[in-house]
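Number of protein chains: 2
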Amino acid sequence: MTETSVLAPAQPFTKDERDAVYKAIHTRRDVRDQFLPTPIPEDVQNRLLEAAHHAPSVGFMQPWNFIIIRTQQMRDKIWKAFSSANEEAAQMFEGDQQSKYRSLKLEGIRKAPVNLCITCDRSRGGKVILGRTHNTNMDVYSTVCAIQNLWLAARAEGIGMGWVSIFNDDDLKSLLDIPPNIEIVGYLCLGYVDELYQEPELQAKGWRKRLPLEDLIFQEKWKPEVPT
Amino acid sequence: MTETSVLAPAQPFTKDERDAVYKAIHTRRDVRDQFLPTPIPEDVQNRLLEAAHHAPSVGFMQPWNFIIIRTQQMRDKIWKAFSSANEEAAQMFEGDQQSKYRSLKLEGIRKAPVNLCITCDRSRGGKVILGRTHNTNMDVYSTVCAIQNLWLAARAEGIGMGWVSIFNDDDLKSLLDIPPNIEIVGYLCLGYVDELYQEPELQAKGWRKRLPLEDLIFQEKWKPEVPT
Numbered sequence: 004m005t006e007t008s009v010l011a012p013a014q015p016f017t018k019d020e021r022d023a024v025y026k027a028i029h030t031r032r033d034v035r036d037q038f039l040p041t042p043i044p045e046d047v048q049n050r051l052l053e054a055a056h057h058a059p060s061v062g063f064m065q066p067w068n069f070i071i072i073r074t075q076q077m078r079d080k081i082w083k084a085f086s087s088a089n090e091e092a093a094q095m096f097e098g099d100q101q102s103k104y105r106s107l108k109l110e111g112i113r114k115a116p117v118n119l120c121i122t123c124d125r126s127r128g129g130k131v132i133l134g135r136t137h138n139t140n141m142d143v144y145s146t147v148c149a150i151q152n153l154w155l156a157a158r159a160e161g162i163g164m165g166w167v168s169i170f171n172d173d174d175l176k177s178l179l180d181i182p183p184n185i186e187i188v189g190y191l192c193l194g195y196v197d198e199l200y201q202e203p204e205l206q207a208k209g210w211r212k213r214l215p216l217e218d219l220i221f222q223e224k225w226k227p228e229v230p231t
Numbered sequence: 004m005t006e007t008s009v010l011a012p013a014q015p016f017t018k019d020e021r022d023a024v025y026k027a028i029h030t031r032r033d034v035r036d037q038f039l040p041t042p043i044p045e046d047v048q049n050r051l052l053e054a055a056h057h058a059p060s061v062g063f064m065q066p067w068n069f070i071i072i073r074t075q076q077m078r079d080k081i082w083k084a085f086s087s088a089n090e091e092a093a094q095m096f097e098g099d100q101q102s103k104y105r106s107l108k109l110e111g112i113r114k115a116p117v118n119l120c121i122t123c124d125r126s127r128g129g130k131v132i133l134g135r136t137h138n139t140n141m142d143v144y145s146t147v148c149a150i151q152n153l154w155l156a157a158r159a160e161g162i163g164m165g166w167v168s169i170f171n172d173d174d175l176k177s178l179l180d181i182p183p184n185i186e187i188v189g190y191l192c193l194g195y196v197d198e199l200y201q202e203p204e205l206q207a208k209g210w211r212k213r214l215p216l217e218d219l220i221f222q223e224k225w226k227p228e229v230p231t
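So the sequence lines, in the order shown, correspond to chains W and A. Here our numbering is used: the first residue of the first sequence is 4, the next is one more, and so on. Here our numbering is used: the first residue of the second sequence is 4, the next is one more, and so on.
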């Protein structure tokens, strides 16, 4: 196969198509409580997993695996693991912030009909991976890209997603029989939603505000000193 | 502000809108050579950065910064840093694989009119961050989500993007005056494209094939043993 045979015109996006991509990006939320019990059909679930599988991956390593958890029994066990870690987490905050923390719902493990654990197999594709020679975390970053693809695809399907990060990994690994050499990257809750927050939930609830974008942008170098 | 005042109907996507999101996901490429010299207008660049800034972030931490690099002088210096790291990388491969590696173009630093270094400030928002109490890398993962948002938005704008990961971080930090406590997450090349690979470039060039998705999916637990 010659190189030219696989290059093709770049298929420009219409304004409506472009707007749809931005709609997914700007209205995506980290959902913890708005899940409906409606089951996710197999074909929809497959489109979401295909979206994740089409993420960029370093050296085309595709280091991810997807563990789909649907049974109430397993979701109950995982919720207990969350709950124990979350009590540890709450105690790290002080005074008013701890009360505020305890008032937030931070997961939808039992309410969302589908849970999904996404892992990274750090040994997939051999020892030396193109593009991972100088940053060994690139495989984990690829897996995060898969999660973000899935998140946006879910939004477009009317499905909300929440990322639960408050776990002791050993608890999850033990419950899900995940081998020691496999790294858990994300634990996700998925379900149809008919309502979403209009702004990030943590902002809506007064936890923290969006930063002004212009303060985060530098030109040519990190925060150049103003000449005096 | 009450909780109900910020929940709103979830704005369903039409089939066309959904298809547009999937088009971005499935036709996105890691671009190394198809960049056109056409400048990226300020308003388009701002839409891309807004897309990144609307990524999910742990505890709404928004740990990212964006260093925009446009001057030829800086891009030349950064290319030299890449080039030196890439020679180290090539030597990690053996025999035929090394020749094949050397034949691949792995960056567009000098060809793409805009380069972008995205960093993670691990101390932003204080010491204890909601959701990062048990996985301290969640802030870096948030930053990767910002990169993937930007990548898909770029695709929708007709802009190709490539992620260059073959650097010694100290070289980049020194060239860009990045403080020690700030972590470089991604170095990106951006420019308009009129052609794209129809499949991932590393597959088109015979480096590695796409894995069958069905082999990567497990139910309830990691690869359950078949009962004997």
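Here a beta-carbon is modelled for each residue, glycine too, at the ideal position from N, C-alpha and C.
{"Item": "Decide if residue 56 of chain W is buried, meaning its Cβ has at least 16 other Cβ atoms within 10 Å, or exposed.", "Value": "buried"}
{"Item": "In three-state terms, what does DSSP make of residue 124 of chain A?", "Value": "strand"}
{"Item": "Between the Cα of residue 188 of chain W and those of W:17, W:98, W:147, W:206, spot the shortest distance and give me the residue it belongs to.", "Value": "W:147"}
{"Item": "Cα separation between residue 112 of chain A and residue 179 of chain W?", "Value": "43 Å"}
{"Item": "Where do the N-terminal and C-terminal ends of the alpha helix (DSSP H) with residue 55 of chain A fall, by residue?", "Value": "45-56"}
{"Item": "With 7 Å as the C-beta to C-beta threshold (strictly closer), list the residues of the segment 70-82 of chain W near chain A in chain order.", "Value": "70, 71, 72, 74, 77"}
{"Item": "Opposite residue 190 of chain W in the DSSP bridges: which residues?", "Value": "W:120, W:167"}
{"Item": "Any residues in the segment 51-71 of chain W with a beta carbon nearer than 8 Å to a beta carbon of chain A? Which ones, in chain order?", "Value": "52, 53, 54, 56, 57, 58, 59, 61, 62, 63, 64, 65, 67, 68, 69, 70, 71"}
{"Item": "Are any of the Cβ atoms in chain W nearer than 9 Å to that of residue 114 of chain A?", "Value": "no"}
{"Item": "Would DSSP call residue 82 of chain A helix, strand or coil?", "Value": "helix"}
{"Item": "From residue 69 of chain W to residue 16 of chain A, what distance separates their C-alpha atoms?", "Value": "25 Å"}
{"Item": "Quick check on the burial criterion: 16 or more other C-beta atoms within 10 angstroms. Buried or exposed for residue 176 of chain A?", "Value": "buried"}
{"Item": "Shorter than 9 Å from the beta carbon of residue 224 of chain W to some beta carbon of chain A?", "Value": "yes"}
{"Item": "Out of A:58, A:182, A:101, state which residue places its alpha-carbon closest to the alpha-carbon of residue 156 of chain A.", "Value": "A:58"}
{"Item": "Just verifying my parser: in three-state terms, what is the DSSP assignment at residue 63 of chain A?", "Value": "helix"}
{"Item": "Between the segment 20-36 of chain W and the segment 189-209 of chain W, do three or more beta carbon pairs fall short of 8 Å?", "Value": "yes"}
{"Item": "Work out the CA separation of residue 119 of chain A and residue 82 of chain W for me, nearest whole Å.", "Value": "40 Å"}
{"Item": "What residues match up with residue 222 of chain W in a beta bridge as DSSP calls it?", "Value": "A:71"}
{"Item": "For a cutoff of 9 Å on Cβ pairs, would you count residue 43 of chain A as touching chain W?", "Value": "no"}
{"Item": "Starting from residue 20 of chain A, find everything on chain W with Cβ-Cβ shorter than 7 Å and list it in chain order.", "Value": "23, 26, 159"}
{"Item": "Would you please verify whether the beta carbon of residue 40 of chain W is less than 9 Å from any beta carbon of chain A?", "Value": "no"}
{"Item": "Would residue 213 of chain A count as contacting chain W if we go by Cβ distances under 9 Å?", "Value": "yes"}
{"Item": "By DSSP, does residue 132 of chain W sit in helix, in strand, or in coil?", "Value": "coil"}
{"Item": "Should residue 209 of chain W go down as buried or exposed, given a rule of 16 or more other Cβ atoms within 10 Å for buried?", "Value": "exposed"}
{"Item": "Hey, out of W:199, W:166, W:132, whose CA is closest to residue 169 of chain A's CA?", "Value": "W:132"}
{"Item": "So, using beta-carbon positions, are residue 39 of chain A and residue 153 of chain A closer together than 9 Å?", "Value": "no"}
{"Item": "Which value, in whole angstroms, describes the spacing of the CA atoms of residue 37 of chain W and residue 110 of chain A?", "Value": "43 Å"}
{"Item": "Any beta carbon from chain D within less than 9 Å of residue 184 of chain A's own beta carbon?", "Value": "This model lacks chain D altogether, as its protein chains are W and A."}
{"Item": "I'd like to know whether the C-beta of residue 192 of chain W is nearer than 9 Å to at least one C-beta of chain A.", "Value": "no"}
{"Item": "I'd like the span of the beta strand (DSSP E) that includes residue 11 of chain A, first residue to last.", "Value": "10-12"}
{"Item": "Given that residue 117 of chain A touches chain W, what residues does it touch there, using C-beta distances under 9 Å?", "Value": "Near residue 117 of chain A there are no residues of chain W at all, since even the closest Cβ is about 11 Å away, more than 9 Å."}
{"Item": "Distance check for residue 85 of chain W and residue 28 of chain A, CA to CA, integer angstroms please.", "Value": "31 Å"}
{"Item": "Of the residues that make up the segment 124-142 of chain A, which ones have a beta carbon closer than 8 Å to any beta carbon in chain W?", "Value": "128, 131, 133, 134, 135, 136, 137, 138, 140, 141"}
{"Item": "Comparing the C-beta of residue 105 of chain A with each C-beta of chain W, is any distance below 9 Å?", "Value": "no"}
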